Amino acid sequence: MAVGFVPRRSRSWSRRLILSRHLVQAAVVGWVAWLIGSKAASADAASPEAFCPFGGFETAWTWVTTGRTVSHVHTSNLVLAAVITVLALAARGFFCGWVCPLGTLQEAVTAGVRMVTGRIPGARRSVRRIRARAAWWPALDRVLRFGRYAVLVWALAGAAFTGAMVFRAYDPWRALLSVADFEISTGVVVLSAVLLLSALVDRPFCRYACPLGAAQSLVGRFSPVAVQRDSAACLGCEICNAACPMGIAVNACTRVSDAACIGCLQCVAACPSRDALTLSFSLPTRAKPQPIQAATAAAAIPEGALS
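Numbers given in my numbering equal positions in the sequence shown, counted from 1, plus 1.
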């Protein structure tokens, strides 16, 4: 696409945005590590499962109809589920992109593998060659993305009808929280598979199997906040597509309202055009979204498959 001169985005602004996100992620991972260590050091410490928001969604039906919760669910789970719902309405997939430690670990594995392969002579060419030959992957990827909704239905229906958390035994998040127990369980196998797949695909669990991400995406459809693309300022470079960990074709969107969006803003940080991608706020009654100024966005929301 031929475009005239467009203002370029400050690299320092992009670096600050990326650093802000990484600092939030590091803080959350540190807190989770402290929870795991506390539980390992003392049996009287609070169960790490008490801080899992999905438990609140799993017990919601039982709690509303009977006033009780399913096994292994704490009151804190209900509170966190409510917080996640409000957050999804206010900021779409912010929790997934900025807070979720399991998502952070997947990103860390992917980044580590890319850093290593980038330093091995010929490795990048080999990866590009494999991706070029995998013409079947985009179609399979589109089908697999429905998997997380299937897991969500199964987890919620199973908890409602059995009174037990049927997803618990397979939950990689629970396996991560119980890593200090050194037990080989189904959840540990799932967690290991997720981290191994992260070497090939960005955020595989988030894309294909996370029920919490699926629930957030359904609620987030009503969020007024999203990344807005100005086609007049777009350079057509597709750098945003390469930066998106969820494989969204950002350059084909006017407003990035895709259910897969995790609000990481990596596309915004990577975009060289200052005005092509901006965080916008648009109520349903407004015809035209109003972009949030860069400085405000940086302060309010502390980066941004085989593709």
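The beta carbon of each residue, even a glycine, is placed where N, CA and C say it ideally should be. Nothing here was measured: the structure is a model prediction, and the numbers come from that model.
May I ask which residues mark the beginning and end of the alpha helix (DSSP H) holding residue i?
{"i": "Ser193", "result": "Thr187 to Leu198"}
{"i": "Arg222", "result": "Here Arg222 belongs to no alpha helix (DSSP H), and DSSP marks it neither H nor E."}
{"i": "Ala271", "result": "Gln267 to Ala271"}
{"i": "Leu201", "result": "Unbroken run through Leu201: none, as it is neither H nor E."}
{"i": "Glu239", "result": "No alpha helix (DSSP H) contains Glu239, which DSSP labels as neither H nor E."}
{"i": "Pro139", "result": "Trp138 to Leu145"}
{"i": "Thr118", "result": "Pro102 to Gly119"}
{"i": "Ala133", "result": "Ala124 to Arg134"}
Give me, in chain order, the residues of the same chain whose beta-carbon lies closer than 8 Å to that of residue i; leave out the 5 immediate sequence neighbours on both sides.
{"i": "Leu90", "result": "Val220, Gly221, Phe223 and Ser224"}
{"i": "Ala161", "result": "Trp62 and Thr63"}
With C-beta atoms as the reference, is residue i less than 9 Å away from residue j?
{"i": "Arg149", "j": "Ala227", "result": "no"}
{"i": "Thr70", "j": "Thr86", "result": "no"}
{"i": "Gly237", "j": "Arg93", "result": "no"}
{"i": "Leu173", "j": "Leu192", "result": "Per the sequence presented here, residue 173 reads as Pro, with Leu not at that position. Against a cut-off of 9 Å, the Cβ pair of Leu192 and Pro173 comes out as a contact."}
{"i": "Phe168", "j": "Phe55", "result": "yes"}
{"i": "Ala165", "j": "Gly159", "result": "yes"}
{"i": "Arg103", "j": "Val195", "result": "The displayed chain sequence assigns Leu, not Arg, to residue 103. Yes; because the gap between Cβ atoms is below 9 Å, this pair is in contact."}
{"i": "Gly29", "j": "Cys101", "result": "Looking at the sequence itself, residue 29 is Val, so the reference to Gly does not match. Against a cut-off of 9 Å, the Cβ pair of Cys101 and Val29 comes out as a contact."}
{"i": "Asp203", "j": "Gln107", "result": "yes"}
{"i": "Ala243", "j": "Arg275", "result": "no"}
{"i": "Val1", "j": "Thr255", "result": "Past the edges of the chain, shown from 2 to 308, lies residue 1, and the structure says nothing about it."}
{"i": "Leu24", "j": "Phe52", "result": "no"}
{"i": "Gly98", "j": "Asn78", "result": "no"}
Taking the beta strand (DSSP E) that residue i belongs to, which residues open and close that run?
{"i": "Ser281", "result": "Leu278 to Phe282"}
What is the DSSP secondary structure of residue i, reduced to helix, strand or coil?
{"i": "Ile293", "result": "In this prediction, Ile293 scores a pLDDT of 43, lower than 50, which makes its location untrustworthy; the coordinate-derived value is nonetheless stated afterwards. In the structure shown, Ile293 sits in coil (DSSP, three-state: anything other than H, G, I, E or B)."}
{"i": "Gly57", "result": "helix"}
{"i": "Ser72", "result": "coil"}
{"i": "Arg22", "result": "helix"}
{"i": "Ala41", "result": "helix"}
{"i": "Arg17", "result": "helix"}
{"i": "Glu304", "result": "Any reading at Glu304 is ruled out, since the residue's pLDDT is 37, under 50, leaving its predicted position unreliable."}
Would you say residue i touches the ligand FMN, meaning its beta carbon is less than 8 Å from a heavy atom?
{"i": "Leu145", "result": "This structure lacks the ligand FMN, and indeed carries no ligand of any kind."}
Quick one: residues in its chain with C-beta nearer than 7 Å to the C-beta of residue i, no 5 flanking neighbours on either side, listed in chain order?
{"i": "Arg146", "result": "Arg208, Tyr209 and Ala261"}
{"i": "Pro212", "result": "Phe55, Arg149, Val152, Leu153, Ala156 and Phe168"}
Keeping to the same chain, check which residues put their C-beta closer than 6 Å to that of residue i; ignore five residues upstream and five downstream.
{"i": "Ala124", "result": "Thr118"}
Is there a Cβ from chain B that is less than 9 Å from the Cβ of residue i?
{"i": "Leu103", "result": "Looking at the structure shown, chain B is missing, and only one protein chain is on hand."}
>> Ignoring anything shorter than 4 residues, give me the alpha helix (DSSP H) runs that lie fully in the region 157-188, in order along the chain.
In response: 173-178
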